[in-house]
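Input: a single structure, listed below in structure tokens.
Number of protein chains: 2
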Amino acid sequence: MPADRDAAQAVLDNPAVSVSDTAAGVVLAPTGEASGTGLVFIPGAKVDPYAYLATFAGTVEQTGLTVVITKPTLNLAFFDLRPLDTFTAAAPDVDRWLVGGHSLGGVRACMFAQDANDEPEVSGLVLLGSYCASALETPELPVLSISGSEDGLSTPAKIEDTAGLLPAGTTFVQIEGASHASFGAYGAQPGDGVPTISPAEAEAEITAALSDFLAPGTVIVD
Amino acid sequence: MPADRDAAQAVLDNPAVSVSDTAAGVVLAPTGEASGTGLVFIPGAKVDPYAYLATFAGTVEQTGLTVVITKPTLNLAFFDLRPLDTFTAAAPDVDRWLVGGHSLGGVRACMFAQDANDEPEVSGLVLLGSYCASALETPELPVLSISGSEDGLSTPAKIEDTAGLLPAGTTFVQIEGASHASFGAYGAQPGDGVPTISPAEAEAEITAALSDFLAPGTVIVD
Numbered sequence: 001m002p003a004d005r006d007a008a009q010a011v012l013d014n015p016a017v018s019v020s021d022t023a024a025g026v027v028l029a030p031t032g033e034a035s036g037t038g039l040v041f042i043p044g045a046k047v048d049p050y051a052y053l054a055t056f057a058g059t060v061e062q063t064g065l066t067v068v069i070t071k072p073t074l075n076l077a078f079f080d081l082r083p084l085d086t087f088t089a090a091a092p093d094v095d096r097w098l099v100g101g102h103s104l105g106g107v108r109a110c111m112f113a114q115d116a117n118d119e120p121e122v123s124g125l126v127l128l129g130s131y132c133a134s135a136l137e138t139p140e141l142p143v144l145s146i147s148g149s150e151d152g153l154s155t156p157a158k159i160e161d162t163a164g165l166l167p168a169g170t171t172f173v174q175i176e177g178a179s180h181a182s183f184g185a186y187g188a189q190p191g192d193g194v195p196t197i198s199p200a201e202a203e204a205e206i207t208a209a210l211s212d213f214l215a216p217g218t219v220i221v222d
Numbered sequence: 001m002p003a004d005r006d007a008a009q010a011v012l013d014n015p016a017v018s019v020s021d022t023a024a025g026v027v028l029a030p031t032g033e034a035s036g037t038g039l040v041f042i043p044g045a046k047v048d049p050y051a052y053l054a055t056f057a058g059t060v061e062q063t064g065l066t067v068v069i070t071k072p073t074l075n076l077a078f079f080d081l082r083p084l085d086t087f088t089a090a091a092p093d094v095d096r097w098l099v100g101g102h103s104l105g106g107v108r109a110c111m112f113a114q115d116a117n118d119e120p121e122v123s124g125l126v127l128l129g130s131y132c133a134s135a136l137e138t139p140e141l142p143v144l145s146i147s148g149s150e151d152g153l154s155t156p157a158k159i160e161d162t163a164g165l166l167p168a169g170t171t172f173v174q175i176e177g178a179s180h181a182s183f184g185a186y187g188a189q190p191g192d193g194v195p196t197i198s199p200a201e202a203e204a205e206i207t208a209a210l211s212d213f214l215a216p217g218t219v220i221v222d
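In order, the protein sequences belong to chains B and R.
UniProt numbering applies: residue 1 is where the first sequence begins, and numbers increase by one.
UniProt numbering applies: residue 1 is where the second sequence begins, and numbers increase by one.
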């Protein structure tokens, strides 16, 4: 699903963030001070990486986070098994990595979070309208699960049913009025619910939840 | 992707097999003697279950296999976490179950194969143009991986790269001339290669590989 052009352009025009396009992913970084924390973020199936610029721009600006939004391989494999450092290499100055994803991308992110052999080590997991497909055996891993009350794919019931697959300390944030497509700027999606908040409102809620999660004391323990 | 109507109709008209539609899946069973072996088969993402009737009709007829081709839930969840007995309940007379899938459906089938808590127990795994997303820790499980030389999604390189995730005794069959879409009757698919064999030829090869796999001594040890 293609990215909404205006939403992406607004981020490209934002002087507080820089956007660079690499083979492995789109890198969204602060033009001000970087926090040293990065997020490898995996889009939902067939969603354009640029659809997530608006999702993360506020957090990048406010917290200094760097985000690598992964690009699919040329021949869209149905399930991407490239190792984590394929993507982290796009932002070599980051020294602490989280993984995350939207929709099916979150299922893949859970696998990165689970795999103790990952290089670099994973310091946290961020799910947007998503869930893990099997139990995470990483009881200490900080996890943030942001869901939408109107999500017709990752429904509130689905989020609740799969909550037990995540560590006991997981932070769950349900955004009132957000749909599955509220987590990216790519238009409506079959099977989804109807959002009752604007994209800007959804982005503000996502930014608030992510910024809290990234505040010192949660993911960042130093 | 919708099923090819003529291919499905030919199976519906075949007196050697019966097709019944249940809430959980489409059940393809022999009208002659059933072997007692069943396969829960998970379609590729957004592929109509009826696209796989022609894929399995020959094996059902020749070996007495029963196949439950799973249907997605009403709101197409991006990743289906319903337990295995959701589907096996559609064919209660089967006493030995295999799991399998095409494309992303195979990734889900691997998870069923991995999960020791499944009810019923899984006796084998069948992958069509697919692979597991993490290593199967079931060294004794019989696994059949059928791939296509012209598959542009689960490419021969991808099958080779992920071979080590499967048990050492896995049977690999590459069908010369088959594409990703040769494993179902649903037309062409973006990113796929161009098949150089007919659907009937692909089905005959799939039937031969599956029938060998299901012969006494492999999956069926009694």
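Beta carbons: idealized from backbone N, C-alpha and C, even for Gly.
Given residue i, which residues of its chain have a CB within under 7 angstroms of its CB, disregarding the five upstream and five downstream residues?
i, result
"Asp118/B", "Leu84 and Phe112"
"Thr55/B", "Phe183, Gly184, Glu203 and Ile206"
"Glu137/R", "Gln114"
"Gly191/B", "Gly152 and Leu153"
"Pro156/B", "Ser147, Ser149 and Gln174"
"Leu104/R", "Gly44 and Ala45"
"Val11/R", "Val17, Val19, Leu53, Ala54 and Ala57"
"Leu166/B", "Cys132, Leu136, Val143 and Ser145"
Under 7 angstroms between beta-carbons, which chain R residues line up against residue i? List them in chain order, please.
i, result
"Ser134/B", "Met111"
"Ser103/B", "Phe78"
Apart from the five residues just before and just after residue i, which ones in its own chain have a Cβ nearer than 6 angstroms to its Cβ?
i, result
"Leu128/R", "His102, Ile146 and Phe183"
"Asp95/R", "Gly36"
"Val68/B", "Gly25, Val27, Val40, Phe87, Ala90 and Ala91"
"Leu144/B", "Val126, Thr171 and Phe213"
"Gly106/B", "Leu127 and Ser130"
"Gly100/B", "Leu39, Phe41, Ala109 and Val126"
"Arg5/B", "none"
"Ala8/B", "Tyr50 and Leu53"
Compare the C-beta of residue i with all C-beta atoms of chain R and state if any pair is closer than 8 angstroms.
i, result
"residue 224/B", "Outside the displayed range of chain B (1 to 222) lies residue 224/B, so it cannot be described from this structure."
"Ala24/B", "no"
"Asp222/B", "Note that Asp222/B scores 45 on pLDDT, short of 50, meaning its location in the model is unreliable and no value can be drawn from it."
"Thr162/B", "yes"
"Val107/B", "yes"
"Ala45/B", "yes"
"Leu125/B", "no"
"Leu153/B", "yes"
"Ala208/B", "no"
Residues in its own chain within less than 8 angstroms of residue i by CB, not counting five upstream and five downstream?
i, result
"Pro195/B", "Gly148, Glu150, Gly177, Ala178, Ser179, Ala181, Ser182 and Ala202"
"Pro49/R", "Ala3, Gly25, Val26, Pro43, Ile69, Thr70 and Lys71"
"Glu33/R", "Gly64"
"Asp80/R", "Ile42, Thr70, Pro72, Thr73 and Arg108"
Going by DSSP, which residues form a beta bridge with residue i?
i, result
"Leu98/R", "Leu39/R"
"residue 263/R", "For chain R, the structure presents residues 1 to 222; residue 263/R sits outside this window and is missing."
"Leu144/R", "Val126/R and Thr171/R"
When DSSP labels each residue in this structure, what does residue i get in the three-state scheme?
i, result
"Leu58/B", "The question names Leu, yet the displayed sequence has Gly at residue 58/B. In the structure shown, Gly58/B sits in a helix (DSSP, three-state: H, G or I)."
"Phe79/B", "coil"
"Leu104/B", "helix"
"Gly129/B", "coil"
"Ile69/B", "strand"
"Pro190/R", "coil"
"Pro49/R", "helix"
"Pro216/R", "strand"
"Cys88/R", "Contrary to the premise, residue 88/R reads as Thr rather than Cys in this sequence. Three-state result, Thr88/R: helix."
"Ser211/B", "helix"
"Asp7/B", "Inspection of the sequence shows that residue 7/B is occupied by Ala rather than by Asp. Note: Ala7/B maps to helix in three-state DSSP."
"Thr196/R", "coil"
"Met1/B", "coil"
"Ala178/B", "coil"
"Glu150/B", "coil"
"Asp118/R", "coil"
"Asp93/B", "coil"
"Ala135/B", "coil"
"Pro15/R", "coil"
Run through chain B and tell me which residues come within less than 7 angstroms of residue i, C-beta to C-beta.
i, result
"Leu28/R", "None at all; the shortest Cβ gap to chain B is about 24 angstroms."
"Leu81/R", "Ala133 and Thr162"
Could you confirm whether any beta carbon from chain D is found closer than 8 angstroms to the beta carbon of residue i?
i, result
"Ile159/B", "This model lacks chain D altogether; the protein chains it does include are B and R."
Within the present structure, is the beta-carbon of residue i separated from the nearest heavy atom of the ligand GTP by less than 7 angstroms?
i, result
"Asn117/R", "With respect to small molecules bound, the structure shown includes none, and the ligand GTP cannot be examined in it."
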